[in-house]
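Line by line, the protein sequences are chains A, B, C and D. Residue numbering for the first sequence is 1 to 454, as defined by this note's numbering. Residue numbering for the second sequence is 1 to 454, as defined by this note's numbering. Residue numbering for the third sequence is 1 to 493, as defined by this note's numbering. Residue numbering for the fourth sequence is 1 to 493, as defined by this note's numbering. Quick reminder that beta carbons are idealized off the backbone N, C-alpha and C, glycines included. As the structure is a prediction and not an experimental result, all values here were calculated from the model. Read through the structure below, which is laid out as structure tokens, and then see the notes.
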Amino acid sequence: MPFIPHTRDDVSAMLQSIGVSNVEELFSEIPSSIDRADLSAVPRGVTEMEMLRVLSERAKKDEVGPCFIGAGSYDHHIPAAVWDLASRGEFLTPYTPYQAEASQGTLQVLYEFQTMMSSLTAMDVANASVYDGGSGLAEAILMAVRCNRRNQSKKILICGAVNPFYIQAANTLVRGQGIELVQGDLSNGTYAIDLSEGEEVCAVVVQQPNFFGLLEDVDEICDWARTKNAMVVAVVNPMTLAVLKPPGEWGAEGADICSGDGQPLGVPMSSGGPSFGFLCTKLQHVRQLPGRIVGRTTDRAGSLGYTLTLQAREQHIRRAKATSNICTNQGLLVTAATIYMSIVGLRGLGNVASTCHSNTKYLVDKLCKSGLVKKTFVEPFFHECALDLSCDAQIVCDMLLRQEKILAGYALGRSFPEFQSSLLICATERRTQAEMDRFSETLLNACMSLARGQ
Amino acid sequence: MPFIPHTRDDVSAMLQSIGVSNVEELFSEIPSSIDRADLSAVPRGVTEMEMLRVLSERAKKDEVGPCFIGAGSYDHHIPAAVWDLASRGEFLTPYTPYQAEASQGTLQVLYEFQTMMSSLTAMDVANASVYDGGSGLAEAILMAVRCNRRNQSKKILICGAVNPFYIQAANTLVRGQGIELVQGDLSNGTYAIDLSEGEEVCAVVVQQPNFFGLLEDVDEICDWARTKNAMVVAVVNPMTLAVLKPPGEWGAEGADICSGDGQPLGVPMSSGGPSFGFLCTKLQHVRQLPGRIVGRTTDRAGSLGYTLTLQAREQHIRRAKATSNICTNQGLLVTAATIYMSIVGLRGLGNVASTCHSNTKYLVDKLCKSGLVKKTFVEPFFHECALDLSCDAQIVCDMLLRQEKILAGYALGRSFPEFQSSLLICATERRTQAEMDRFSETLLNACMSLARGQ
Amino acid sequence: MDNNQTIFDISRPNRFAGAQIPEMGSLSDIPLHFLRDSSPCLPEVSEIQAIRHYTNLSHQNFAIDRNFYPLGSCTMKYNPRGAHRAANQPGFLNRHPLTSVETSQGVLQCLFELQEILTNVTGMDAVSLAPMAGAQGELAGLLMIRAYHESQGEAHRDEIIVPTAAHGTNPATATMSGYKVAETKVGADGDVDLEHLKQVVGPQTAGIMLTNPSTCAVFERQIVEISKLVHDAGGLLYYDGANLNAILGKVCPGDMGFDVLHLNLHKTFATPHGGGGPGAGPVAVNGRLVPFLPIPIVGQRNNQFEWFGSDEIPNSIGTMSAFMGNTGILIRALSYALMLGREGMIRVAEYATLNANYLAKELEKAGFKLAYPDRKATHEFLITLSDETAKFGIRAMDFAKRLLDFDIHAPTTYFPLLVPECFLIEPTETESKEQLDAFVHAMSTMRMEAQTNPRQLLDAPHHQYRKRLDEVKAARELDLTWQPKSKKTAQTK
Amino acid sequence: MDNNQTIFDISRPNRFAGAQIPEMGSLSDIPLHFLRDSSPCLPEVSEIQAIRHYTNLSHQNFAIDRNFYPLGSCTMKYNPRGAHRAANQPGFLNRHPLTSVETSQGVLQCLFELQEILTNVTGMDAVSLAPMAGAQGELAGLLMIRAYHESQGEAHRDEIIVPTAAHGTNPATATMSGYKVAETKVGADGDVDLEHLKQVVGPQTAGIMLTNPSTCAVFERQIVEISKLVHDAGGLLYYDGANLNAILGKVCPGDMGFDVLHLNLHKTFATPHGGGGPGAGPVAVNGRLVPFLPIPIVGQRNNQFEWFGSDEIPNSIGTMSAFMGNTGILIRALSYALMLGREGMIRVAEYATLNANYLAKELEKAGFKLAYPDRKATHEFLITLSDETAKFGIRAMDFAKRLLDFDIHAPTTYFPLLVPECFLIEPTETESKEQLDAFVHAMSTMRMEAQTNPRQLLDAPHHQYRKRLDEVKAARELDLTWQPKSKKTAQTK
Ligand SMILES: Cc1ncc(COP(=O)(O)O)c(C=O)c1O
Ligand SMILES: Cc1ncc(COP(=O)(O)O)c(C=O)c1O
């Protein structure tokens, strides 16, 4: 029996000890009025060998060429050591570290993670993950509503080009509590503060770099929000913070809450998940943070050690009054991210960030030089850029995928009907010059042939 | 600097401690008359990311379809857990377990391996690996020469269809000591005792199943060898011993030495290496075994523990008089094989063996039913079978590879000019009925089109 | 080696030992005020230093791959390595979430098949795989209930009923979805107090959240009555699937009258817990909630698998994450389901139940007190150590800590809250009789120690990387991030 | 858990818990007398039982991934995980060795490039990658020397000279290849005793085997003279490449006068030692030995990589294994070489030498006695603990065992034999200064213990999975295979 170790002798001995004559008797408390399950539509079991054959055929089917899509998920290099370590049974198969003495490994990793994230964002504290960037934004908004004592509004102003996938998810997740997300104007690709005078907002959400890859004037937004007694929720790509000004230093006082998705830190794209969301904040708000937090303390012998702390925020203690319902989160990905940051290190992360920028810049310059395409928005961008192709961007994507197996970028029309001809592209550090040149050539050819009506 | 942790400050401090002003001074004892190395033809270093890109392109190039070749390397399923465990740093990166107290993990694994192999072969003892099946045969022969006290001949009779790759390697490795390998007749595919009356041989080598997949009458060979005061060296595929009579039970007294390649036990084909060779023998010959042997003993507190033993056989103690020069062997593969045997277990290994047989039988029957091909030799075979295609088997192989990416089998003409039209095929437990049917169809088509002179 | 070292202690300024690092790119075109001038606190270590550090840390963890983990409600069973392998193939790992469906047929087929299998084993009508863990599944469920009532013009229903014994996520989720929580009592036999429930149910009731087997580890025998009661009042039934392992293949929540449920694939479908996730919490619904399922869902159209989104499911409650939930986990769960097949699924419930009943009986024989001695165990059971506390002054937590010294992870302690000094014990089907016997032996040994040498328990654990940790201090003197020694004193506020 | 359990103790008859096992096939057509009727002793355990068992065993090992391993002559440096990844790709792992060259261009290109790189760094003319470890490389080398002399009509040369300090494989290999061994002495400064060598060399000399740096851990300064001496007598020079790490990229063996050599890729090229292999021992030769190289070799023809075998190299000594040596290891070595590149290779020698010299100096400052205090250390160095033995009765072995308690693997002890109570210490370039300082600290601590509390050393180790093991008993009362308890007494003969 797959995975089940019982021999026939074991079963007899166990039944005898229990005092029943067969296993079925153990289910006797299930009312007979309830139909027994019918699994006839579930396939018969197969061996690991069969299963792997089937699934590897499917995985093979989905292999494609170089990826120029970003839009919230990025094709970075992950050093081999990262997942060799994170896949060790001791990290892969424990439960949440509630029994601290038997979980010092995971707990210390989380403490190191909190340190790295706090420092990257220049915030005081970090939690040990929420589900992803989308639900992370939702938690950040709920937290802002709980934290903002000066302002009872349940309106949240989304400042410009925040990732639309995050906004959608946040919308689902916060709506139940009567919170309303108000979107700023997008026309120029960065934020636009169109708040009618007098209307109050609880918080302002701003993303840096924004969904279009552009750098927002985050200092100004922060300072403006202060004047409105609004909290500032920063959405960031942690990889970029190796070189970009961290949210804790935006404007005069810094953002209040910072969320984002940790995928760029050593997590494979994997169709978008599992990845992990993170939340950082100022120390004064720590009791409103959702999710797990690890603290360093001492044991009875006086040695330093780690434990989950401030559990009174969480559902298993506070129940209906918890900061969130989150329980299982994304621990393993946090472990991978911590190892990733250790292995690439301070300089490595900076080089990844700067190479992503310079690669994208190279590609964009090359494409624009052709005169056939132009930037949809004005600079400066970081490692993504929207290009106006003067034709349907989705059709161009489809052409490149079919002809060259190239993932050409994200056709912005899929999220923004007004940008039907714009393609959002990204070239990470993994993209070689040869790939970028081939991409540029095929993209321009596709645009030309479309222009010629083919 | 890749892999090197020194900071500039470290280097200065270290040089200062040593009392030199630069690293070059440390090489001052190298006579200046020796030219300094010129590595200009070695490429510049690249990052792991670059290296993996290049090597994964190459690996992709070499991917092919289903494999019907055996001939000493077999495409078996390896449960995922096997290499997840064997690749753990604690198994992958230790040295040979000379410091027993710090190596109980590896040592116990080897002890368990010795137990499994001794039992599979029905011999008393096993060593903890030699390099591979080919060099293993050489070591077995050298051992036979050392062990045979009744017979001073340096002739070894190779009884029939022993793997020609093993014979080649053994030839290279034993020739220096003046040992001569004499080959039996091959015409009917199994052994043939053509020893002229009176001539002495030190040992007889017989393989079961033999290179053509046929079952030799090993009982008779063993008993005959006894009458000649010759030792019996058995060459076996350990996987088949889950169901075949083990060498220790051949004839009246069993074989004396048993060697083979462990690749079928959880080792990927990997172009033929690394795999591992094994040697088993009777207790009375244990001091002539080459390679490492682990013994169970006690520690000072009386607990059971493991250590390398009988080291006086080995080169690091006995030097010129050692049983072999072998030092580094194939430990990690032995670890993988031990885990493999534990995970598939007693029943699993039997099922693998029987399915390999029944798959090959299915395929052979199907092909022969066509009337276009016939068996080159008479039955019974185990999980390989030579088929006479009535045309050049190598050409058929090339056709199937080009057209269908099928690895059709081993064209026997490559090793035996007399069997130019024979193809040695093998269908392991991994081959599905669909693959076998497709193989059968394309093979027969190829034969027909060749027959029609296309 | 100093076991207290953090990666930051190993770090040295200006150590550049990576082989993984691309050259630096130019940032010269980015205006300076966008760039940071402080350096973040990231390690500067060589690769082998990092490997040693994290390998050594890994040794400080209990894990299913090393230990028996009878953690009630958590279903810590064997996580097949084959499933891990299946999900870790480059075609899956490197797939960008926004890839077109044409080159995603492999992964879409996997998700589609998983939807089908889960629909089947729950006895419901449709499944969405979007939620990323059980709690998010609960949220999706309650949002669907809300959307349903709104669609029926019953937006005034504002209360979710949960039993007092419920898992904390249940009331927390009710709050998150904007509902008030009404608690219903649990009777002395572990079943819901039906009389009390009748008082709680009313026109304000949006729904009730239940697990079955319940968190009291018994099968809720009145489930048909409860279903009728709540449905008659216009409420819906939510099934918390955390305990599905107990009934997999035996009975379906759909046949008990539930309208919506989540599954914890990281429990019943054996995906690894990862030291705190990731999991996956698909939701299954019956017909009336289908229109509200969270998106995306995989559908079939023109012989091709496709994403169904707001076009196809216009009344959906929406997305739950940026993309498609924890796809990598979903692939693992499918792999496991394929290996089990229908026969294997039934075996899960049977052997999980056999193990729990055997262990309960053996512990009872060894003198431990079952919380519900007259009830059958399900896949788990509750014991109370209140006698031991009263007699020897040894609390459940002391037993839990001492158990670690036997290389066994502590069961769930102090949950549910209504049973004093309790252990919720769930052995799962993948543990052997020998392992269960070893657990009984450890428990009996501890009981002896409680009488003869209580300090063994009070000071436990003795053989772990740390002695008992001071949680009070951790919460009072917050130390949440590493600081260079010089700064350390300054930070502690 | 009982740490003494073997997998066989965990096994139970008729436990069938595998998910990995195909159905049984029919064997009915095989005559019964070919089949076995006894069951072999193979485990019957569930997958999680196997995983726990081997995971727990893995915790009982020292390894480079956990410990500093200053094991002289063994070059225990960091084994890059990227190289492991590169070799573990399905296209490489699943490649059958007899696949046609057309669909093997990927792997052939790798082997070809490795041949080129090794030719270059050794300063030789050609390389064969066939030998599967250093010792097999030695054998290949001596067989080539033999073939060469035979081709010159000098088959009577029947002696190989090795220094007394040589590694055991050198004399053992000479024997295996049918040569007699003549030993030459080592002088007080660690260099070969040239006067003695002159007496040993003669018309019977087939060749000499040397390492440089030698096993005395010093650079053989008279190498040019030795080369002339042996060559003038008609002998050839064999270079044992085990110590190549010391000079990689600095000087080439080819430029020192060597005719043939092996490399240990598992040392200099960082492939993992695997707890005793696999390794790879490619041989490099100068022009006159090229015709005898072991096959196969990768060549280029018609813009394609091809196997060169006995057709192309008719005078080859032959094959060394069934197929093409340890290809998987060769791919790892290439991966490493590509990451290092030419700059990186030079750094290897420089930092390995820097580390060894620093460590030697610090130990000397701490009061330890260098075996060759007037010599520069190479990538390794020798200390002798004979003073400590004389004064405190503590032997090198005691220091070695006690060192384990500091989480540091013992250096090579008692080798070379001519230095009493010695440690051969090789830190390698991938260890940090902090790690070296920790080693000095441990050594000093032990020295203190030797004076104040010698039992700490004599009874060491204290904190490993086992106390000191009885090796004498192991060899006297052979227990080489597990037996069911009932049988155990019977077997011990
Ligand atoms: C009964 C019960 N409900 C809900 C949950 C929450 O599930 P998750 O942790 O996947 O969010 C759990 C998990 O611990 C549980 O045991
Ligand atoms: C000096 C020396 N020569 C030869 C060898 C033998 O190499 P291998 O173990 O690869 O056979 C070694 C390895 O220990 C060595 O140190």
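Under the Cβ criterion (8 Å, minimum of three pairs), the region 273-289 of chain B does not count as touching the region 439-455 of chain D. Rounded to the nearest whole angstrom, the C-alpha separation of B:Pro247 and B:Phe377 is 23 Å. A distance of 8 Å or more separates the beta carbons of B:Ala81 and D:Glu44.
The beta carbon of B:His316 sits closer than 8 Å to some beta carbon of chain D. By the neighbour-count definition (other C-beta atoms within 10 Å, threshold 16), B:Met341 is a buried residue.
In this structure, the straight-line span from the alpha carbon of C:Gln152 to that of C:Gly235 is close to 12 Å. Using a cutoff of 7 Å, the CB of D:Gly134 counts as near ligand 2, since one of the ligand's heavy atoms is closer than that.
Among the CB atoms of chain D, one or more fall inside 8 Å of the CB of B:Phe3. Straight across, the Cα-Cα distance linking D:Phe112 with D:Gly328 is about 14 Å. With 16 or more neighbouring CB atoms inside 10 Å of its own CB, C:Asn245 falls in the buried class.
Considered as a whole, the region 158-202 of chain A harbours 164-175 as its complete alpha helix (DSSP H) runs of no fewer than 4 residues, in chain order.
A Cβ-Cβ contact shorter than 8 Å links C:Asp65 with A:Glu90. Neighbours of C:Ser227 in chain B, taken as residues at a C-beta separation under 9 Å, are lacking, since the least C-beta distance is about 42 Å. Below the 9 Å Cβ cutoff, chain B contributes no neighbours of A:Ala434, its closest Cβ being approximately 10 Å away. CA-to-CA, the gap between A:Asp365 and A:Met116 works out to about 34 Å.
Contact residues of the region 20-48 of chain C toward chain B are Gln20, Ile21, Pro22, Glu23, Glu44, Val45, Ser46, Glu47, Ile48 (C-beta to C-beta distance below 9 Å).
The beta-carbon of C:Ala270 is placed no less than 8 Å from the nearest beta-carbon of chain B. Looking from the CA of D:Met124, the closest CA among D:Val251, D:Cys422, D:Glu183 belongs to D:Val251.
Within the region 90-133 of chain D, complete beta strand (DSSP E) segments of at least 3 residues are found at 126-128, given in chain order. Straight through space, the alpha carbons of C:Thr319 and C:Val348 are spaced by roughly 32 Å.
For D:Gln300, there is no enclosing alpha helix (DSSP H); the enclosing beta strand (DSSP E) has its first and last residue at 297-301. Under the three-state reduction of DSSP, B:Met231 is assigned to strand. Contact annotation: in the region 323-357 of chain D, residues whose CB is within less than 8 Å of a CB in chain C are Met339. Excluding residues up to 5 positions away in sequence, Gly213, Leu214 lie with their Cβ nearer than 6 Å to the Cβ of A:Phe381 in the same chain. Residues of the region 219-251 of chain B with a Cβ closer than 9 Å to any Cβ of chain D, in chain order: Asp219, Leu241, Ala242, Val243, Leu244, Lys245, Pro246, Glu249. Around D:Tyr358, the same chain offers Leu436 as residues with beta carbons nearer than 7 Å, after the five sequence neighbours per side are excluded.
Contact residues of the region 57-73 of chain C toward chain A are Leu57, Ser58, His59, Gln60, Asn61, Phe62, Ala63, Ile64, Asp65, Arg66, Asn67, Tyr69, Leu71 (C-beta to C-beta distance below 9 Å). Taking a Cβ-Cβ threshold of 8 Å, the residues of chain D close to C:Arg52 are Asp65, Arg66, Asn67, in chain order. The beta-carbon distance between A:Gln288 and A:Arg175, rounded to whole angstroms, is 20 Å. This is too long to meet the 8 Å contact definition.
The secondary-structure analysis by DSSP pairs D:Met144 with nothing; it has no beta-bridge partner.
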